[in-house]
Amino acid sequence: MAGALLEVTIDTALVGKAFDDLMERLGDLTTPLNDIAEYLHQSTDNRFRQQVAPDGSPWAPLAPSTLARKKGGRILRDKGTLQDTLRHSVSGNELAFGTDRPYGAIHQFGGKVQHAARSQQVFFRQGKDGSVGNRFVKKSKSNFAQWVTRGAHDTEIKARPYLGLSAEDDIEILAIIQDYLLEPFNE
0 MAGALLEVTI DTALVGKAFD DLMERLGDLT TPLNDIAEYL HQSTDNRFRQ
50 QVAPDGSPWA PLAPSTLARK KGGRILRDKG TLQDTLRHSV SGNELAFGTD
100 RPYGAIHQFG GKVQHAARSQ QVFFRQGKDG SVGNRFVKKS KSNFAQWVTR
150 GAHDTEIKAR PYLGLSAEDD IEILAIIQDY LLEPFNE
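Letter by letter, the sequence shown follows residues 0 to 186 of numbering that gives the first Met the number 0.
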């Protein structure tokens, strides 16, 4: 899975023991891991709506240049593509949860994006008095065109972590494991 991937490492004795007991009882963790994955989808969707990291801290605000071109000012939710591409994979006793989008990692961890120099023709509408408007128009509606060039430049993307486990997530995952451990006793 390319993009951003959450690896859940269980390092507390309590959760580790619960997983050991569950593996011993079930032999196969596919069903509880799928339930955990479903919970992670819900939890991560909630974080997208609240625009917060797993630790509850708010995501970095958008740059003024980004706000000027976006409608609504919602962070990481312009079209909802990133949020809609969260996937999970359960294989044996392993759960992978994340996105397959290559840009998922830059939003999770932050970093620098390098843009190559480029040129393109832009189209405007020229008035009868010879003045050229300052808005781009479609080529078919244009009567004035010019070539513009933008040099190579870098853009810094701030980290906006959306993958990870909160303290509440830890508790819920333990509850899911506990339900499977206690299932034979509740029948």
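Think of the CB as a built atom: it goes at the ideal place given N, C-alpha and C, for glycine as much as any other residue.
All of these numbers come straight from a predicted model, not from anything done at the bench.
Within this structure, are the beta carbons of residue 154 and residue 114 separated by less than 8 Å?
yes
Does the count of Cβ pairs from the stretch 25 to 38 and the stretch 85 to 92 closer than 8 Å reach three?
yes
Could you tell me how far apart the beta carbons of residue 171 and residue 38 are, in whole angstroms, since I believe they sit closer than 8 Å?
6 Å
Beta-carbon separation of residue 53 and residue 165 under 8 Å?
yes
According to DSSP, simplified to helix, strand and coil, what is residue 84?
coil
Range of the contiguous alpha helix (DSSP H) that encloses residue 151:
Premise fails: residue 151 is in no alpha helix (DSSP H) and is neither H nor E.
Suppose the cutoff is 7 Å on Cβ atoms and the five residues either side in sequence are ignored; what does the same chain contact list for residue 66 look like?
72
Collapsed DSSP secondary structure at residue 57 in the structure displayed:
strand
Apply the 10 Å Cβ neighbour rule to residue 101 and answer buried if 16 or more other Cβ atoms are within range, or exposed otherwise.
exposed
Please return the same chain residues whose Cβ sits closer than 8 Å to the Cβ of residue 0, not counting the five positions on each side in sequence.
Confidence at residue 0 is low in this model, with a pLDDT of 48, below 50, so the placement of that residue should be treated as unreliable; the coordinate-derived value is given next. Once the five neighbours on either side are set aside, the close Cβ partners of residue 0 are 86, 88, 95, 97, 98 and 99.
Neighbourhood of residue 125 by C-beta distance below 6 Å, restricted to the same chain and skipping five residues each side
131, 142 and 143
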